[in-house]
Amino acid sequence: MLQILCLFIPIIAAFFMPFLFKKIRNVHTGWFVLIVPLFLVVYYSTFIPAVSKGETVIEQLSWIPSLGISFVSYIDGLSLLFSLLISGIGALVVLYSIFYLNRKKEQLHNFYIYLLIFMSAMLGVVQSDNMITLYFFWELTSISSFLLIGYWFNRDKSRFGALKSMMITVAGGMLMLGGFVLLSLMGGTFSIRALIEQAPQLATNDLFIVALVLILLGAFTKSAQFPFYIWLPDAMEAPTPVSAYLHSATMVKAGIYLVARFTPIFALSEVWVWLVAGIGLLTLFWGSFFALKQTDLKGILAFSTVSQLGLIMSLLGVSAIAYHIDGAEDTVFKYAAFAAIFHLINHATFKGSLFMIAGIVDHETGTRDIRKLGGLMSLMPVSFTVALIGSFSMAGLPPFNGFLSKEMFLTAMLSVTEFDLFNFSTWGPLFPIIAWVASVFTFIYSFYFVFKTFTGKLNVDQLPTKPHEAPIGMLISPVLLAGLVVTIFFIPNIVTDTFVKPAVVAIQPFLYSSPYDVNIHVSAWHGPTTELYMTIGIVVVGLLLFLTLSKWQKLYSALPERFTLNRLYDFTINELLGSWMTRFSKLYMTGSIRKYLAYMFTAIPVIVIGTLIVKNAFAFKFEGSSPIHLYEIILILVLVIGTITTVFARSRITSIIALGAVGYTVSLFFVIFNAPDLALTQLVIETISVALFLMAFYHLPKFSKVEERTRFKFGRAFVSIAVGIMVTLVALSSHSQKFIESISSYYKETVYSEAGGGNIVNVILVDYRGFDTLFEIAVLAIAGISIFAMIKLRLSRKEKNYESK
Numbered sequence: 009m010l011q012i013l014c015l016f017i018p019i020i021a022a023f024f025m026p027f028l029f030k031k032i033r034n035v036h037t038g039w040f041v042l043i044v045p046l047f048l049v050v051y052y053s054t055f056i057p058a059v060s061k062g063e064t065v066i067e068q069l070s071w072i073p074s075l076g077i078s079f080v081s082y083i084d085g086l087s088l089l090f091s092l093l094i095s096g097i098g099a100l101v102v103l104y105s106i107f108y109l110n111r112k113k114e115q116l117h118n119f120y121i122y123l124l125i126f127m128s129a130m131l132g133v134v135q136s137d138n139m140i141t142l143y144f145f146w147e148l149t150s151i152s153s154f155l156l157i158g159y160w161f162n163r164d165k166s167r168f169g170a171l172k173s174m175m176i177t178v179a180g181g182m183l184m185l186g187g188f189v190l191l192s193l194m195g196g197t198f199s200i201r202a203l204i205e206q207a208p209q210l211a212t213n214d215l216f217i218v219a220l221v222l223i224l225l226g227a228f229t230k231s232a233q234f235p236f237y238i239w240l241p242d243a244m245e246a247p248t249p250v251s252a253y254l255h256s257a258t259m260v261k262a263g264i265y266l267v268a269r270f271t272p273i274f275a276l277s278e279v280w281v282w283l284v285a286g287i288g289l290l291t292l293f294w295g296s297f298f299a300l301k302q303t304d305l306k307g308i309l310a311f312s313t314v315s316q317l318g319l320i321m322s323l324l325g326v327s328a329i330a331y332h333i334d335g336a337e338d339t340v341f342k343y344a345a346f347a348a349i350f351h352l353i354n355h356a357t358f359k360g361s362l363f364m365i366a367g368i369v370d371h372e373t374g375t376r377d378i379r380k381l382g383g384l385m386s387l388m389p390v391s392f393t394v395a396l397i398g399s400f401s402m403a404g405l406p407p408f409n410g411f412l413s414k415e416m417f418l419t420a421m422l423s424v425t426e427f428d429l430f431n432f433s434t435w436g437p438l439f440p441i442i443a444w445v446a447s448v449f450t451f452i453y454s455f456y457f458v459f460k461t462f463t464g465k466l467n468v469d470q471l472p473t474k475p476h477e478a479p480i481g482m483l484i485s486p487v488l489l490a491g492l493v494v495t496i497f498f499i500p501n502i503v504t505d506t507f508v509k510p511a512v513v514a515i516q517p518f519l520y521s522s523p524y525d526v527n528i529h530v531s532a533w534h535g536p537t538t539e540l541y542m543t544i545g546i547v548v549v550g551l552l553l554f555l556t557l558s559k560w561q562k563l564y565s566a567l568p569e570r571f572t573l574n575r576l577y578d579f580t581i582n583e584l585l586g587s588w589m590t591r592f593s594k595l596y597m598t599g600s601i602r603k604y605l606a607y608m609f610t611a612i613p614v615i616v617i618g619t620l621i622v623k624n625a626f627a628f629k630f631e632g633s634s635p636i637h638l639y640e641i642i643l644i645l646v647l648v649i650g651t652i653t654t655v656f657a658r659s660r661i662t663s664i665i666a667l668g669a670v671g672y673t674v675s676l677f678f679v680i681f682n683a684p685d686l687a688l689t690q691l692v693i694e695t696i697s698v699a700l701f702l703m704a705f706y707h708l709p710k711f712s713k714v715e716e717r718t719r720f721k722f723g724r725a726f727v728s729i730a731v732g733i734m735v736t737l738v739a740l741s742s743h744s745q746k747f748i749e750s751i752s753s754y755y756k757e758t759v760y761s762e763a764g765g766g767n768i769v770n771v772i773l774v775d776y777r778g779f780d781t782l783f784e785i786a787v788l789a790i791a792g793i794s795i796f797a798m799i800k801l802r803l804s805r806k807e808k809n810y811e812s813k
């Protein structure tokens, strides 16, 4: 049970944040929060020995057993890696936030509540085996990230960025849920493990491609793939600890995790290969190209994150080719999944440190505008060193971990051209070309970030704050991450054997039975290979373009802003959903309850009668029906006359009397059909209703001229007749098509023996429908309390007005 409990420990801890913030004012709330991720790191580290051998650990807690929904914590190589990233980077981010956020100026309890909820949500995403619980945690990450991005809610840009991120990711999540439902219909289960076992059979289903596309849309929106990346740059308005946590190591990696987890199911489809690899490469190029257009430090890192996520996504797409080649475990494609996971780890280290450095620069200089920055190297030597390590690793230079995974990335892209599969012989050469060009721009924006900030001329006059080195507490986390960047380069195989290989087995379970089968040894030198020559070309061309950046960077200003994806989003939200839909809604949102009822009662008969016609559901059978007597015909005529009188009467008292006659006539039908209890209830209700109407009659205004108009009565009559026909047809058709035995026989058999009552109607209301009755009473009680409160409020206002006079 501890395994599942750990998923909710951060949320449980969040309940104590307001108390700690208000009662313990002398200690930063973050110190208490830090205990949570540290505990989780220690706990999940205990799984490393078992998981590194290929074992899995499963714990289950039933949630909705009737629907097959439960909390299943499934820890294998992939989920353990993500769990350690979530908790480990989370601990460093919390430590960083203690020195970044001022406890006297910030509402820290809100910040840490949102952060802890997000931590739980991410752990739930990466450990859930049940697709419904995965979706539950998935949307919880969107909601909590919305709150974190909009933490500084007094800023317009923060609110805009938070709304933008939630709109796009939640929309993708809803589509993903549709894919999950289709998968469950095809496989008869919500378990991902069970669906993986059925993968060959699922691939032949007609709904397979539809489910594939829907799930990919959810993954692409969350991991900021083209064209859904537009939310990520605007999310940079969040506090830097949020950016370092959500947008480098965790939330944006959720889409990567989803693709990796579902690869064993969908890799058999060439659509999956092309979409994942193609969109990933496009995103890699797009993000790296437009990163150089940015002038905000976090904006540069946002687009660099987009490009790096595209790199990982493209590797996962290429890795799926291995499912279509005999003996794939011996081919170069095994490097693709390995490189994807390895680069995911490396990216978390160098990008987390760079985000923290961007926050330090902003914190100590008062700006993130790279046009105002420069010459900070002598004033902030530690920050410069960390930024240099992180940037060089991101550029793919030795001796940093990014170089190792970048070389493997180039190897995987080159391997695409070796196989005549899915038209890769035709389009395959584009893969290494796009990868190389994007790597050149990656090199340039990495140098752009570090050297434009820390070298050159120091413009103190343009900085809001006199620059100085950050306090030691704020430097601990980025220094530790930078230390990992260097350490992993020199001891990569310890990391890959422990974390990468078990994750690869989870991605490619049909190729490897255990981590020991993943025969890959990472080294920095492979001799004079094509990848080495490509790297040399990246460095040479990248340096030339960086040194001449001022001459060609102006080209970005020539790109038309009118046709950007951000403009499309703004148009959709502000114009299409804002202005146009507002105008359209004003056409029918008139404030008239009568019109609203007309709309509803017009739509319902159209839908129901239309369904009866399309489905050919008419089946009127009068065999076995009771004969109709003369007195029943008379009562029906009384009902019709009373109803017509109620509608067309010009006097309210006439309408009340006619309505009462209708009710009393209905009670006579209950008597005829041997339902005395219902007849008695109907008589009581009608008596009370007529009495209440008459009591209120004196206070009602006279008929207005509007009410006396008759030009709309034909339309009302048409709606009324349509509703009447609909109810009649449904009643007759349902009476004629009884496929199962009526439940009334069950009531007759059990009303006395099971419920201990003699009156079947009373027992149904009190026992069988006890909760319904309780809720009805609760609704009436709430309505009564609300009416009483409004009356008291009105009376108190009158008294105040009287006193003021």
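For the sequence shown, the positions run 9 to 813 when this note's numbering is used. Beta carbons are placed, not taken as given, at the ideal position from N, Cα and C, and that holds for glycine.
Going straight from the alpha carbon of residue i to that of residue j, what length do you get?
i    : j    : result
D505 : T248 : 33 angstroms
L737 : I617 : 8 angstroms
F40  : G96  : 16 angstroms
A246 : T543 : 35 angstroms
R719 : T653 : Annotation note: pLDDT 48 at R719 (below 50); position unreliable, coordinate value reported separately. Roughly 18 angstroms separates the two Cα atoms.
S296 : V221 : 26 angstroms
F427 : M321 : 20 angstroms
I693 : G668 : 10 angstroms
W239 : I66  : 35 angstroms
I793 : L782 : 16 angstroms
M139 : S199 : 6 angstroms
A170 : L691 : 58 angstroms
F518 : A275 : 11 angstroms
I644 : I636 : 11 angstroms
T141 : P57  : 27 angstroms
F628 : R777 : 31 angstroms
L93  : G196 : 33 angstroms
V101 : Y108 : 10 angstroms
Please look up how many angstroms separate the CB atoms of residue i and residue j, rounded, as I've assumed it's under 8 angstroms.
i    : j    : result
S81  : Q11  : 5 angstroms
M402 : S454 : 5 angstroms
V548 : I397 : With 8 angstroms as the limit, V548 and I397 do not qualify as a contact, their Cβ atoms being about 22 angstroms apart.
A345 : V512 : 5 angstroms
M482 : Y104 : 6 angstroms
S87  : V134 : 5 angstroms
What residues match up with residue i in a beta bridge as DSSP calls it?
i    : result
E67  : S81
I72  : I77
S8   : Since the first residue shown for the chain is 9 and the last is 813, residue 8 is missing from the structure and cannot be characterised.
D304 : D377
N138 : S199
Let me know the secondary structure DSSP gives residue i once reduced to three states.
i    : result
D775 : helix
R724 : helix
A299 : helix
N118 : helix
I729 : helix
F408 : coil
M734 : helix
G464 : coil
D214 : coil
*Do the stretch 155–168 and the stretch 121–129 touch if we need at least three Cβ pairs shorter than 8 angstroms?*
yes
| query | Should the stretch 402–419 be regarded as contacting the stretch 255–263, the criterion being three or more beta carbon pairs within less than 8 angstroms? | reply | no
*Spell out a yes or no on whether the stretch 281–295 and the stretch 106–124 are touching, meaning 3 or more CB-CB pairs, one atom from each, closer than 8 angstroms.*
no
| query | If you pair each beta-carbon of the stretch 43–51 with each one of the stretch 157–167, do three or more pairs fall below 8 angstroms? | reply | no
- Task: Would you check if there are 3 or more beta carbon pairs closer than 8 angstroms linking the stretch 439–458 to the stretch 548–558?
- Result: yes
Would you be able to state if there are at least three C-beta pairs under 8 angstroms between the stretch 387–396 and the stretch 291–308? Judged by Cβ distances under 8 angstroms, the stretch 291–308 makes no contact with the stretch 387–396, as fewer than three pairs qualify.
Under 8 angstroms, with one C-beta from each stretch per pair, do the stretch 517–527 and the stretch 351–364 reach the 3-pair mark? Touching, no, given that fewer than three Cβ pairs across the two stretches are closer than 8 angstroms.
- prompt: Using 8 angstroms as the Cβ pair cut-off and three pairs as the minimum, do the stretch 212–228 and the stretch 178–192 touch?
  reply: yes
Does the stretch 105–117 come close enough to the stretch 17–34 to have 3 or more Cβ pairs within less than 8 angstroms?
Note that the stretch 105–117 touches the stretch 17–34; at least 3 beta-carbon pairs, one per stretch, sit closer than 8 angstroms.
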